[in-house]
Amino acid sequence: MGLLDALFGKNKIPPVSSILPDAAKQEILAGRLPRLNTDTIFLKRGEYCCYIDKAILLIDKTKKIYRHAGNSSPGLFKNDRFSYGVGDSKEYIETQQYKAILYITNQRIILNCKDHGFDKSYKLLSAMKPYANGLELQYGDKTYTMVLPDGNIPYQAIKLIQQRRSI
């Protein structure tokens, strides 16, 4: 049972394969931040990347379905009609999936995703919650839910960075 089973029940999310090197994973679990080479993001002066992995960003969209049923019949008088109808609407939540790559540097968290990516600083991070196969990051009133190969690794990396920033 992972993040998706607990949150969404029936939704089928494909497993995410990891691109994070095993040596980097072992470094994070040992309490050290690795320095990974990447040419896909632009790093600031003094910034280095310590986590790169594939992710699936989950976004909930509320959808409405409207239904209307009715009929019309002749009335009692000329040019008079009797009409009746009923209508209702139902709301449901549809979870959309977007392929992404999550980068964690010593200064920022970057999600490279078409139309829904972000680049956020640690000082704006309000909360985070790891799962066996995912991670939730909350920035103010916006929560980003991601499916990852292992949710504990980026959680540990962020905790290590926050400890170093508070020293």
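For reference, each letter of the sequence shown is one residue, going 53 to 219 in our numbering. For every residue, glycine included, the Cβ atom is placed at its ideal position computed from N, Cα and C. Computed from a prediction, not measured in an experiment: that's the story for all the values here.
Mapping DSSP to helix, strand and coil, what is residue i?
| i | result |
| --- | --- |
| D91 | coil |
| Y174 | helix |
| N158 | coil |
| Y146 | The residue you asked about is not Tyr; residue 146 is Glu in the sequence shown. Strand at E146. |
| N185 | coil |
| P126 | strand |
CB-CB under 7 Å to residue i, same chain, minus the five flanking residues each way: which ones, in chain order?
| i | result |
| --- | --- |
| R119 | G139, D140 |
| Y191 | K172, L176, L177, S178 |
Given a threshold of 16 other Cβ atoms within 10 Å of its Cβ, counted over all protein chains shown, does residue i qualify as buried or as exposed?
| i | result |
| --- | --- |
| D105 | buried |
| P126 | exposed |
| P182 | buried |
| R160 | buried |
| Y155 | buried |
| Y103 | buried |
| P66 | exposed |
| P73 | exposed |
Could you tell me which of the options sits nearest to residue i, measuring between CA atoms?
| i | options | result |
| --- | --- | --- |
| Y196 | L109, L85, D91, L81 | L109 |
| I93 | M198, T114, L163 | L163 |
| L212 | K64, I71, H168, I80 | I80 |
| K151 | E99, C165, K77 | C165 |
Counting only the same chain and skipping the five closest in sequence on each side, list residues whose C-beta sits under 8 Å from that of residue i.
| i | result |
| --- | --- |
| S69 | K106, P201 |
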